[in-house]
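Data first, discussion second: the structure below is written as structure tokens.
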Amino acid sequence: MSFSIAIPAEDGKSEPRVAATPETVKKFIALGASVTVQAGAGKASSIPDDAYKEAGASIARGLESAVKGADIVLRVRRPAVSEVPKYKKGALLIAIMDPYGNQRDLTAIAKAGAVGFAMELMPRITRAQVMDVLSSQANLAGYRAVIDASETYGKALPMMMTAAGTVPAAKVFVMGAGVAGLQAIATARRLGAVVSATDVRPAAKEQVESLGAKFIAVEDEEFKQAETAGGYAKEMSKEYQAKQAELVAGHIAKQDIVITTALIPGRPAPKLISKAMVESMAPGSVIIDLAAERGGNCDVAKPGEIVDHKGVSVVGHLNVAGRIAATASALYARNLYAFVETMIDKEAKTLAVDWDDELVQATMLTRDGAIVHPAFSGKGE
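Residue 6 in this note's numbering sits at position 6 of the sequence shown; the count goes up by one each step and never skips.
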């Protein structure tokens, strides 16, 4: 074996996902790696240590023995500052690093000598689609949002014609038609709800309608130009926001379930639902705020809590993809494998990072004791 990979256990209370599965362990070994998994790392994703063993991995009792001497450390979340000095100098640390506003942690990772890569900074280009963790995890969050909504909502979602009378279909409104939103629309439709959606990007209209949902937006000139080159939503002018808010406010009052998914990278979540809008909804209605971790799209949402506001349940679950940890881990582990594979010389079976590769350049945060990513190498936010 010519290079080694370590899979530490995450903080089980906040992060049930794991960075490798038996499937990816086998693939790493086929590339020439030796793989060490910290005992219990896969437990919350329903992967026992024995499954990793059968795939060819070694099981290490503690964190220190798991990461000792590893060339590559794969994680779900950015490690605690106290963990990184246990890595060997020059080790590649690949994780969802959440770098925005966490300059102190990035500095500590740099000083410890680790080469840190942020999977969420992966460019949205064709060859990197299989590495796109934001999409793989948001897709699952959108699905889970509808499952959580149906659990909290005290009525059935589909229209049912029974001998005792007709049950009307629930009305579901999805705010933000990115990856999470589109999956939420598709899932709500599969469950038989009447679905509508909104987004500030004009391209989203066709996608929303192709899934059988109604598109709700103020379609003026600003709306027609509201998308960045990278495919993300731009922040809209105050005037547009006011017009859109008025249209949406009237629509929300008639909905049974609202799911919000709006996030702007590196910024607090935009506020989409005011307290007054929540109060306009009928008792028993549900709001699922997928942006709760970033401050929430709803004024009433509280991270990690279900708030009952005048009979409306406002759900602010954290790490929603992690609520279906086994599936989320399977997809995330494949994202990681696809990225690591680009750093391996297949013939020599050795680690051979191409530092000029656009994927490496886009995702690398720290190297040679310094923060090297242009977005974070200044004094920070």
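C-beta atoms are modelled at their ideal positions from N, C-alpha and C, and glycine is treated no differently. Keep in mind the model is a prediction, meaning the values are calculated, not measured.
Residue Val195 holds the alpha-carbon nearest to the alpha-carbon of Ala177 among Val167, Lys171, Val195, Thr162. Taking the CA atoms as reference points, Ala108 sits about 6 Å from Val81.
Secondary structure at Asp345: strand, using DSSP grouped into helix, strand and coil.
Close CB contacts of Val18 within its chain, under the 6 Å cut and outside five residues either way in sequence, are with Ala41, Gly42, Ser45, Ser329 (chain order). Judged by pairs of C-beta atoms under 8 Å, the region 303-311 does not touch the region 90-101, as fewer than three such pairs exist. Annotation for Leu92: the continuous beta strand (DSSP E) segment containing it runs 92-96.
Nearest in C-alpha terms to Thr260, of all of Gly296, Lys275, Met236, is Gly296. A direct Cα-Cα distance of roughly 40 Å separates Ile185 from Lys53. The beta-carbon separation of Leu93 and Gly69, rounded to 14 Å, does not stay under the 8 Å limit for a contact.
Around the beta-carbon of Gly90, fewer than 16 other beta-carbon atoms lie within 10 Å, marking it exposed. Between Arg61 and the set Asp105, Pro8, Met343, the nearest pair of CA atoms involves Pro8. The continuous beta strand (DSSP E) containing His309 extends over residues 306-309. Counted as a single uninterrupted DSSP element, the alpha helix (DSSP H) harbouring Val146 occupies residues 133-152. If you draw a 10 Å sphere on the C-beta of Met159, you find fewer than 16 other C-beta atoms in it, and that means exposed. Under the three-pair Cβ rule at 8 Å, the region 326-340 counts as touching the region 12-31.
When the Cα atoms are used, Gln244 and Ile288 turn out to be separated by approximately 20 Å. The count of Cβ pairs closer than 8 Å, one atom from the region 143-158 and one from the region 347-364, stays below three, leaving the stretches out of contact.
In this structure the region 237-254 touches the region 272-291; the number of beta carbon pairs closer than 8 Å is three or more. Where Met277 is concerned, the enclosing alpha helix (DSSP H) starts and stops at 275-280.
Lys27 counts as buried, since no fewer than 16 other beta carbons sit within 10 angstroms of its beta carbon.
Assignment of Asp289 by DSSP, reduced to helix, strand and coil, places it in the strand class. In the three-state scheme derived from DSSP, where H, G and I count as helix and E and B as strand, Lys171 is classed as strand. As for any alpha helix (DSSP H) of minimum length 4 sitting wholly inside the region 212-274, the runs are 221-224, 238-252, ordered along the chain.
Linking Ser136 to Arg75 through their CA atoms gives a straight-line distance of about 16 Å. The residues Lys243, Gln244, Leu247, in chain order, have a CB closer than 6 Å to that of Val218 in the same chain once the five nearest residues on each side in sequence are set aside.
The beta carbon of Lys88 sits closer than 6 Å to those of Gly69, all from its chain and outside the five residues before and after it, given in chain order. In the DSSP annotation of this structure, Ile324 is not part of any alpha helix (DSSP H), being labelled neither H nor E. Around Ala370, the same chain offers Ala110 as residues with beta carbons nearer than 7 Å, after the five sequence neighbours per side are excluded. Excluding the 5 residues flanking it on each side, Ile324 has same chain C-beta neighbours closer than 6 Å at Leu140, Arg144, in chain order. With fewer than 16 other CB atoms across the displayed protein chains lying within 10 angstroms of its CB, Pro374 is exposed. For Ser4, the uninterrupted beta strand (DSSP E) run begins and ends at 3-7, by DSSP. In this structure, the straight-line span from the alpha carbon of Gly113 to that of Val372 is close to 12 Å.
The beta-carbon separation of Ser237 and Glu221, rounded to 11 Å, does not stay under the 8 Å limit for a contact. Each of Ser14, Ser2, Val258 was checked against the Cα of Ala321, and the nearest Cα belongs to Ser14.
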